[in-house]
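In what follows, a single structure is set out as structure tokens and then discussed.
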Amino acid sequence: MHNSISQEIINELIYIAKQMEEMKLVNVLEGNLSIHDKGLMYITPAATRKSTLEPEMIAVFDADDNQIYGNKRASSEKVMHQVAYTIRGDIKAVIHCHPPYLTAHAICHVPLDYTCHPEILVQFRDIPVAPYGQPGTREIIDNAKPLLKNRNVVLLANHGVLAVGSSLEKTCQRIETAEKFAQIASICRSLGTMQNIPQAEIDRIMAQEIET
Ligand SMILES: [Zn+2]
Numbered sequence: 002m003h004n005s006i007s008q009e010i011i012n013e014l015i016y017i018a019k020q021m022e023e024m025k026l027v028n029v030l031e032g033n034l035s036i037h038d039k040g041l042m043y044i045t046p047a048a049t050r051k052s053t054l055e056p057e058m059i060a061v062f063d064a065d066d067n068q069i070y071g072n073k074r075a076s077s078e079k080v081m082h083q084v085a086y087t088i089r090g091d092i093k094a095v096i097h098c099h100p101p102y103l104t105a106h107a108i109c110h111v112p113l114d115y116t117c118h119p120e121i122l123v124q125f126r127d128i129p130v131a132p133y134g135q136p137g138t139r140e141i142i143d144n145a146k147p148l149l150k151n152r153n154v155v156l157l158a159n160h161g162v163l164a165v166g167s168s169l170e171k172t173c174q175r176i177e178t179a180e181k182f183a184q185i186a187s188i189c190r191s192l193g194t195m196q197n198i199p200q201a202e203i204d205r206i207m208a209q210e211i212e213t
């Protein structure tokens with residue numbers, strides 16, 4: 002094995018991928034996770050049930066896009082991950098998946114606005130919808146780029162969600178929290194209109210720096 006490849010990172014990727022499958026946030030054909038460390042990108046393979054992942058199935062790419070480890074083909078959304086790391090030099094993890102409530106919002110082009118909820122507003126500000134891009138192409142991430150520059154979670158029109166963060170655990174938590182709130186927003190719409198928290202409170206939160 003290439004001596005700069007970290008077994009610890011491979012294990013972390015598998016652990017979180019399996020957790021996400023248990024939470025039904027990814028499945029066999031959907032969802033890909035990556036970690037970027039010391040110039041290498043570790044990413045889940047294409048068309049593989051996350052619960053069956055073994056260390057040798059994780060694809061590792063060097064800075065020149067050569068696959069230096071892994072006995073499977075990388076996720077077809079590899080480019081989305083690679084470009085996300087160039088857009089945001091401060092991140093170490095990327096997750097793309099299709100959880101039901103977030104994907105429903107992406108399909109209907111309905112952004113999530115959190116001015117109704119202080120704790121979610123602190124984390125996300127909002128989750129906008131990036132214009133449609135063809136799956137498996139660079140178009141997706143190019144369209145999401147302007148939004149991803151100052152946010153950690155973006156919906157991808159007619160497709161799913163993209164999240165980034167300073168660790169894979171934190172990025173996974175973002176997807177989990179965003180999916181839960183997308184479910185709550187769906188319930189709220191059937192009850193009435195979501196009411197904002199006071200403007201002074203929104204202003205106070207918006208003045209805070211957003212965590213990576
Ligand atoms: Zn997808």
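Using my numbering, read the sequence shown as starting at 2 and increasing by one per residue. Heads up, the beta-carbon is just placed ideally off N, CA and C, and yes, glycines get one too.
Asked: Closest by C-alpha distance to GLU269, when choosing among MET81, ILE36 and LEU54; Found: Since the first and last residues shown for the chain are 2 and 213, residue 269 lies out of range.
Asked: Contact test: HIS106 Cβ vs ligand 2 heavy atom, cutoff 7 Å; Found: No copy of ligand 2 appears in this structure; the ligands present are ligand 1.
Asked: DSSP three-state assignment for SER35, whether helix, strand or coil; Found: strand
Asked: Completely contained beta strand (DSSP E) runs for the region 132-188, where each covers 3 or more residues; Found: 154-157 and 161-166
Asked: Contained beta strand (DSSP E) runs [length at least 3] in the region 38-73, N- to C-terminal order; Found: 41-44, 60-62 and 68-70
Asked: Three-state secondary structure assigned by DSSP to GLU84; Found: The question names Glu, but residue 84 in the sequence shown is Val. Residue state, collapsed to three classes: helix.
Asked: Opposing strand residues paired with LEU113 [DSSP bridges]; Found: ILE128
Asked: Contact test: PRO100 Cβ vs ligand 1 heavy atom, cutoff 7 Å; Found: no
Asked: Cβ-Cβ separation, VAL155 to ILE206 (assumed contact under 8 Å), whole Å; Found: Rounded, the Cβ-Cβ distance is 20 Å, inconsistent with contact.
Asked: Cβ pair GLY166, ALA107 closer than 8 Å; Found: no
Asked: Cβ pair count under 8 Å reaching 3, the region 12-22 against the region 49-65; Found: yes
Asked: 7 Å Cβ shell around PRO119 - same chain, five flanking residues per side excluded; Found: ILE198, GLU202 and ILE206
Asked: Three-state class that DSSP yields for ILE92 in the structure shown; Found: coil
Asked: Inter-residue spacing [alpha-carbon to alpha-carbon] between GLN174 and HIS3; Found: 31 Å
Asked: Own chain, CB closer than 7 Å to MET110, minus 5 neighbours either side, in chain order; Found: Checking the sequence shown, residue 110 turns out to be His, not Met. Contacts found: VAL130 and ALA158.
Asked: Contact belief for TYR102 with GLU180 at Cβ below 8 Å, rounded distance in angstroms; Found: 6 Å
Asked: Continuous alpha helix (DSSP H) stretch holding MET21: start and end; Found: 8-23
Asked: Distance cut-off 7 Å: HIS82 Cβ against heavy atoms of ligand 1; Found: no
Asked: Of the listed residues LEU163, ILE6 and GLY137, nearest to LEU34 (C-alpha basis); Found: LEU163
Asked: At least 3 beta-carbon pairs within less than 8 Å: the region 71-86 vs the region 34-49; Found: yes
Asked: Exposure of THR194, with buried meaning 16 or more beta-carbon neighbours within 10 Å; Found: exposed
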